[in-house]
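Per my numbering, the very first residue in the sequence shown carries number 275; after that it's consecutive. Backbone N, C-alpha and C define an ideal beta-carbon position, used for all residues, glycine too. Structure first, then comments.
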Amino acid sequence: MQLSEPEIDRFYRLYYSLLIDVNQRINGFEQLRELEDLVDFTIAEIEILRQQLYQHPELFDRFLEENPRDFSSEDLNLVRSWKTFIKGKFYIFGYREQYTLFLVDRKPSKVYGVLALDIPFRELIGSALPAIVETVLLPFGDRIIYDGILQSYPFYFGCSIRGTLQDSYQEAESKFGIITRLDEPVRQKREEYRPQAEIAAMSDEALIDYYIEHEGDRDRYREQLETAIANNTKLAKQYYQKIGQYSADRVAKNYKKIGIKKAWIAFYEETAIATGTTKAELEGILKKLLSVQKRKNVYIYRLK
């Protein structure tokens, strides 16, 4: 998931204006005065200004107080929110439809749902996960983005390290959920981390609810879930409808943010697989895409 093009343009306009202001305050590059001047600058040169900004966060305040480019109060509030930036190394742990998972593997472990800018993270990082990156996370309204500069590190993860990271991910997701905004305090979920033996002893119905609500545990308990629904048509229908509804509730707001106010959307588990302007149109598309048996597992959501 990425920001929309207008949102990306807005971010770069504000962020680069901030860096230009930093440059002037530290008497940096004489040739850097306007946004178009950045075209001739290397990433290494921009990195100098970037590091100055994060090492001296009072530069945010000076920019906000003087507002040298006459930005609107809405734009200034967005820049103000960046003072809650999170800088450091992260493990990219997985790609989801709504965001990419960034894991902080230091106590307390936390996992953030981060949106890309102009290039999807899958294209930047590749499919071999987990991967180590260094970047800065910033709030963008009620979402999280990065500041446009991301350093990746080639590293081979053995089974032991993967297992440790998986445990950190599970604990983080269980305690805090997937953190998708930085504009409010992170609160610990009431439900604490549950041992594997306790989950394994759950009834099939309880396992479905746990599986849907705890994204970080899905890979680990996928096989157990598939076994539970394989020979139970009623249970399978319950699962597909519940996870479809769960996914629809999370994705619907993103459709509205990009201007889609009315639509029929088909979900197969966590994935939105087709849309239509009417239910009949959507069902016609599904007939071309899926077998009769697969169509029984589709959850249809009406955006209105």
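- Nearest to K553 by alpha-carbon distance, out of K530, Y529, K568 and K578, is K578.
- Remark: C-beta atoms of L293 and F337 do not approach each other more closely than 7 Å.
- Contact between the segment 323 to 336 and the segment 374 to 394 is absent: fewer than 3 CB-CB pairs across the two stretches fall below 8 Å.
- Under DSSP, G533 shares a beta bridge with no residue.
- For G451, the three-state secondary structure derived from DSSP is coil.
- In this chain, K561 is not harboured by any beta strand (DSSP E); it is covered by the alpha helix (DSSP H) spanning K553 to L563.
- Here L309 has Y290 as same chain residues with Cβ atoms under 6 Å from its own Cβ, once five neighbours each way along the sequence are excluded.
- Distance check between D349 and each of K363, F334 and G362 places F334 closest, using alpha-carbon atoms only.
- Nearest Cα to K449 within the set R461, D457, K562 and T551: R461.
- With fewer than 16 other CB atoms across the displayed protein chains lying within 10 angstroms of its CB, I423 is exposed.
- Taking each of T374, E543 and P459 in turn and checking the Cα distance to V572, the smallest one comes out for E543.
- By DSSP's assignment, S426 forms a beta bridge with V407.
- By the criterion of at least three beta-carbon pairs nearer than 8 Å, the segment 407 to 425 is in contact with the segment 345 to 363.
- Taking all protein chains in view, the Cβ of E555 is surrounded by fewer than 16 other Cβ atoms within 10 Å, so the residue is classified as exposed.
- The alpha-carbon separation between R284 and S346 amounts to approximately 12 Å.
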